[in-house]
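This report refers to the structure that appears directly beneath it.
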């Protein structure tokens, strides 16, 4: 059962815009917000402690909008959606529209607005390292997989194994992790490539030695086959160093 709290036409007077005058002269911003979470228990027991306060959400929007200044309402919308998702762990999805009815443009128009929808999706990743301090690189990855856009849910123990593919020549340390993320599969791929790069990853030889390797194995509800990314991972069934850690953290997944 899907349950939603809707906040409609919340007006906040604040300074956001590209023009200098918009940064000093407040104007109205109108917000429509849908937050998705399971409030059935709260409804059955009539208990506010089991629900989420729409008053608190409205105050968060008011405070953040008034206390910050951005060039783009796209930035304001995205940051607000992330703020609410991260603050209220029971929320699984948010739809937020930010309207700017008095945008300073010489034309006959009623309104301009942006809409952002963010939803937590589960994904499973495989991590590996066979250069330098392998355990440190894996720990660096675990830390980096905790942000406003990615949350680390569960991680396996480390499995040590011989290289796969016949190219690398040093023992690997591998593990699997379960995350939730608001990023799309391609955005997640970009994020993990940055984590690899930050940890000295060099893409010189396919299947070669590496400081850190992160692969997306599964992403909730997605089947994908492109040149850049295949989900589920096209070779996971042949890799014990993927299957064994995955079975540890999600025995019924496969």
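Residue numbers (this note's numbering): 22 to 275.
For every residue, glycine included, the Cβ atom is placed at its ideal position computed from N, Cα and C.
Item, Value
"Do residue 71 and residue 81 have their beta-carbon atoms positioned less than 8 Å apart in this structure?", "no"
"Let's see if you can read the secondary structure: which residues bound the beta strand (DSSP E) around residue 39?", "Here residue 39 belongs to no beta strand (DSSP E), and DSSP marks it neither H nor E."
"Apart from the five residues just before and just after residue 275, which ones in its own chain have a Cβ nearer than 6 Å to its Cβ?", "none"
"Within 10 Å of its beta-carbon, does residue 25 have 16 or more other beta-carbons around it, so buried, or fewer, so exposed?", "exposed"
"Quick one: give me the first and last residue of the beta strand (DSSP E) that residue 49 is part of.", "48-57"
"With a threshold of 6 Å on Cβ separation, who are the neighbours of residue 263 within its own chain once the five nearest residues in sequence on each side are excluded?", "147, 257"
"Taking residue 220 as the reference, which of 160, 119, 131, 134 has the closest Cα?", "160"
"Spell out the partners DSSP gives residue 180 in its beta bridges.", "195"
"Which residue or residues does DSSP assign as beta-bridge partners of residue 144?", "200, 240"
"Can you give the Cα-Cα distance for residue 68 and residue 142, rounded to whole angstroms?", "28 Å"
"Please classify residue 139: is it buried, with 16 or more other beta-carbons within 10 angstroms of its beta-carbon, or exposed?", "buried"
"From residue 16 to residue 23, what distance separates their C-alpha atoms?", "The shown model of the chain, from 22 to 275, leaves out residue 16, and the question about it has no answer."
"Going by C-alpha distance, which of 41, 269, 42, 152 is nearest residue 196?", "269"
"Between the segment 99-115 and the segment 127-139, do at least 3 Cβ pairs fall closer than 8 Å?", "yes"
"Please report how far the alpha carbon of residue 118 lies from the alpha carbon of residue 127, in whole angstroms.", "23 Å"
"Are at least three pairs of beta-carbons, each pair with one atom in the segment 105-112 and one in the segment 30-45, less than 8 Å apart?", "no"
"Shorter than 7 Å, the distance from the beta carbon of residue 95 to the closest heavy atom of the ligand ATP, or not?", "Because no ligand of any kind appears in the structure shown, any question about the ligand ATP cannot be addressed here."
"Specify the secondary structure class of residue 86 as computed by DSSP and reduced to three states.", "helix"
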